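K.L.:
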Amino acid sequence: MNIQEIQKWITNAKLNESIIYYTGHLAEELNKIEIRKMANAFMEAAQQKKIDLFQKKIKEGNPNHKPIYEYIARRLKSER
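Residue numbers (this note's numbering): 234 to 313.
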């Protein structure tokens with residue numbers, strides 16, 4: 234998702250609507266600028282209490298593979 238799509242979702246999402254914005258191991262991918270920008274946009278919205286962020290483990294990790302998570306944003310309040 235790009236920043237404009239994130240802002241559009243935050244603005245238009247209904248109360249308690251959620252979106253999976255990333256699947257994988259986000260901490261390992263933050264060196265990629267677009268992923269970092271996306272994560273920062275969701276973090277900023279969470280700090281403004283517009284959304285709540287959480288994750289769901291999809292697959293356990295092991296020494297050969299990183300764990301896989303779904304990173305989820307849920308709309309908390311309306312800006313309208």
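The beta-carbon is built from N, C-alpha and C at its ideal position, and this holds for glycine as well. Bear in mind the structure is a predicted one, so any value in this text is a computation, not a measurement.
Is residue 259 helix, strand or coil when you go by DSSP?
P.N.:
helix
K.L.:
With distances taken Cα to Cα, identify the nearest neighbour of residue 240 among 269, 302, 283.
P.N.:
283
K.L.:
Determine the burial state of residue 269: buried for a count of at least 16 other Cβ atoms within 10 Å of its Cβ, exposed for fewer.
P.N.:
Under this definition residue 269 is an exposed residue.
K.L.:
If we ignore side chains and look at the alpha-carbon of each, how far apart do residue 292 and residue 306 end up?
P.N.:
19 Å
K.L.:
Would you identify the three-state DSSP class for residue 293, choosing helix, strand or coil?
P.N.:
It is coil, neither helix nor strand.
K.L.:
In this structure, what does DSSP give as the bridge partners for residue 288?
P.N.:
Bridge pairing for residue 288: 304 [DSSP].
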